[in-house]
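In our numbering, the protein residues as written are 51 to 172.
Right, one structure below, let's go through it.
In structure tokens form, the structure reads like this:
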């Protein structure tokens with residue numbers, strides 16, 4: 051995916067995450083290679099690709115490509131040997147995201163993570 055996003059655009063999306071959100075545990079471990087996919091960024095090139103994904107300050111942001119609404123913020127904990135996606139926040143601003151089902155949103159996030167890093171491990 052070649053389209054990129056400026057640092058300013060990323061910060062604008064990150065800052066737009068609403069005050070209304072829910073939090074859930076994730077506790078998924080990634081390899082450095084898997085995490086690099088998110089550090090490099092995933093940017094939609096067509097209308098069918100629905101997500102822009104990038105990392106700022108140990109948080110992975112998942113934003114809808116059509117609206118730039120930030121839907122997920124995933125906290126990253128790193129040490130010398132491990133990268134763990136510890137928990138996430140999910141947007142609960144009804145004008146930006148309609149779901150109120152935390153279980154559904156957790157499953158969707160795991161599906162997105164699997165898709166982007168091409169694994170079946172979680």
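Glycine is no exception: its CB is placed at the ideal position from the N, C-alpha and C atoms.
Where residue i falls, given that 16 or more other Cβ within 10 Å makes a residue buried
{"i": "residue 113", "result": "buried"}
{"i": "residue 136", "result": "exposed"}
{"i": "residue 122", "result": "buried"}
{"i": "residue 154", "result": "exposed"}
{"i": "residue 152", "result": "exposed"}
{"i": "residue 157", "result": "exposed"}
{"i": "residue 141", "result": "buried"}
{"i": "residue 67", "result": "buried"}
{"i": "residue 102", "result": "buried"}
{"i": "residue 51", "result": "Interpretation of residue 51 is limited by its pLDDT of 38, a score under 50 that renders its predicted location unreliable; the figure taken from the coordinates is listed afterwards. So residue 51 counts as exposed."}
{"i": "residue 168", "result": "exposed"}
Where residue i falls: helix, strand or coil (DSSP)
{"i": "residue 69", "result": "coil"}
{"i": "residue 79", "result": "strand"}
{"i": "residue 154", "result": "helix"}
{"i": "residue 128", "result": "strand"}
{"i": "residue 52", "result": "Residue confidence for residue 52 is low, a pLDDT of 41 falling below 50, so the modelled location carries little weight; the figure read from the coordinates is stated next. Coil, per DSSP."}
One or two residues paired with residue i in a DSSP bridge
{"i": "residue 113", "result": "102 and 120"}
{"i": "residue 63", "result": "None, per the DSSP bridge assignment."}
{"i": "residue 92", "result": "103"}
Residue span of the beta strand (DSSP E) that contains residue i, given as start and end
{"i": "residue 141", "result": "133-141"}
Inter-residue CB distance, residue i and residue j (contact presumed, cutoff 8 Å)
{"i": "residue 106", "j": "residue 60", "result": "6 Å"}
{"i": "residue 126", "j": "residue 109", "result": "7 Å"}
Residue-chain proximity (residue i, chain B), Cβ-Cβ < 8 Å
{"i": "residue 155", "result": "Absent from the structure is chain B; it holds one protein chain and no more."}
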